[in-house]
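Report on one structure; see the data block that follows.
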Amino acid sequence: MSRTYKAVGINLKGMPLGESDRLLTILTPEFGLIRAVAPGARKHKSSLGGRSGLFVVNELLIAKGRSLDKITQAQSLESYPGLGQHLGKLTASQYLAELVLLQALGDQPQRELYELLNAHLGRLEQAASDEAILAHLTQAVFHLLALAGLAPQVHRCCTSQNPIVPDFKAPHWQVEFDVAAGGAIAIACQQTQPAQDKLKYRGGDRQPIFAQPEPSVGILNSPPAVKSPQRSQLTREPAARKSAYSTRLDATELDILQRLAYSELPIIQEVLSSSAPMGIERWLRLEHILRQYAQYHFDRPLRAAALIETCFFPLPTSITRDNATV
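Reminder that position 288 of the sequence shown reads as 287 in numbering that gives the first Met the number 0, one-by-one numbering, no gaps.
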């Protein structure tokens, strides 16, 4: 049996090991997540130095080890130098890498995840403005949630399962977004439903409470599958417990969330009115909502995401609603 194998992978994480080595966490389409040592990568003239950098795509020859595999050869295929030249792009890409690490598996093919991440890193690198960076980041988070089977339900009410259509003619139209319920809830349902009747997850389950979104989600030709939970996975929330996070969305915000499911970013001008400009503030708000949703359902904090506001600017109080700072 061969003690070496070949793989193509993108570096998602690196940490010093020993005096001069680097331990890499690599996402590969063939084998999923692998951890391998890049020997001598921290030496000044090491051939693996540049190839062990963050978000570098390499063709690798790897020797199997008892505890850790070792990279014996590496040939760079692609990198994203533009990400490291802009703090906002770098932070956004690290945010996506952290989200990928939460859902990637080892010893299993992860081609869809690999291709999805690379596609969105390329979009982030080419983004020409802070608003474009935030827009691409927000859509990337939505797509990664969809691939994990965790996309929020935004086309139908999580309580009644009735379609929700944004009403742009009503200036004060809103919908509730509840992370524990799995997405959008019509205000009428939210006001009439007793707290004890809210559907919740069973303690150990992390399957969301939603049906398959409309339309299909995905950046690739074959959209990521969106999993629906089984009825047996649902349980009731005690009356004394409240949702971890909820907020109100206006018509524009819900419409954009619904359009994030498509492979391309929505053409914002088609849905915005002069009284509801998009801008950085709204993209920050939508990103923050999806961040709260992801952290709740993965049950892990996204550390890189905490720097997003710092990279762009602090969120003003004008986009704080219903005692939920967004």
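Here a beta-carbon is modelled for each residue, glycine too, at the ideal position from N, C-alpha and C.
Among R65, I70, A103 and S66, which has the Cα closest to the Cα of S45?
I70
For D254, report the span of its alpha helix (DSSP H) as first-last.
A250 to R258
Along the beta strand (DSSP E) that carries T158, what are the first and last residues, could you check?
No beta strand (DSSP E) holds T158; DSSP gives it neither H nor E.
Pick from A187, L133 and L59 that is closest to W282, judged by C-alpha positions
L133
Would DSSP call K69 helix, strand or coil?
strand
Identify the residues that DSSP records as bridge partners of T246: which are they?
F176
Can the beta-carbon of A304 be found less than 8 Å from the beta-carbon of Y94?
yes
How do the segment 139 to 148 and the segment 68 to 83 stand: do at least 3 beta-carbon pairs fall below 8 Å, yes or no?
no
Cβ-Cβ separation, Q109 to L26 (assumed contact under 8 Å), whole Å
6 Å
Suppose the cutoff is 8 Å on Cβ atoms and the five residues either side in sequence are ignored; what does the same chain contact list for L76 look like?
V7, V56, N57 and E58
What runs of the alpha helix (DSSP H), each 4 residues or longer, lie entirely inside the segment 62 to 117?
86 to 102
Between the C-alpha atoms of Q173 and A185, what's the straight-line distance to the nearest angstrom?
8 Å
Helix, strand or coil at R20 [DSSP, three-state]
A quick correction: the sequence has Asp, not Arg, at residue 20. Three-state DSSP puts D20 in a strand.
Return the residue from the list L264, D166 and H296 that minimises the CA-CA distance to T251.
D166
Nearest-angstrom Cα distance between V36 and A62?
10 Å
Name the one or two DSSP bridge partners that L32 has.
L26 and G105
E286 versus R2: straight-line alpha-carbon distance, rounded:
44 Å
Proximity winner among C188, R302, G278 and Y113, relative to E97 (alpha-carbon distances):
R302
Candidates I163, N117 and L82: which alpha carbon is nearest P28's?
N117
Sheet register partners of P152 (DSSP bridge)
Residue 152 is actually Gln in this sequence, not Pro. Bridge partners of Q152: G182.
How big is the Cα-Cα spacing for H154 and I255?
11 Å
With a CB to CB cut of under 6 Å and the five nearest residues on each side skipped, what residues in its chain are close to M14?
L22
Neighbour-count burial assignment, N10, 16 or more Cβ in a 10 Å radius:
buried
Measure the alpha-carbon distance for N161 versus L248 and round it to whole angstroms.
17 Å
Rounded Cβ spacing between A293 and V164 (contact assumed at less than 8 Å)
Not a contact, Cβ separation roughly 26 Å.
Residue range of the alpha helix (DSSP H) that includes A139
D129 to L146
In three-state terms, what does DSSP make of A187?
helix
Could you tell me the distance, in whole angstroms, from the CA atom of C156 to the CA atom of S245?
14 Å
To the nearest angstrom, report how far apart Y113 and A91 are at their CA atoms.
17 Å
Buried or exposed: L337, going by 16 or more other Cβ atoms within 10 Å of its Cβ?
Nothing in the structure corresponds to residue 337, since the chain is present only between 0 and 325.
If you measure between the beta carbons of L16 and G105, is that distance less than 8 Å?
no
Straight-line gap, Q268 to L253 (C-alpha atoms, nearest Å)
In this predicted model, Q268 has a pLDDT of only 49, less than 50, meaning its place in the structure is not dependable enough to derive any value.
State the CB to CB distance for the pair L143 and L115, rounded to an integer number of angstroms; the pair is presumed to be in contact (CB under 8 Å).
7 Å
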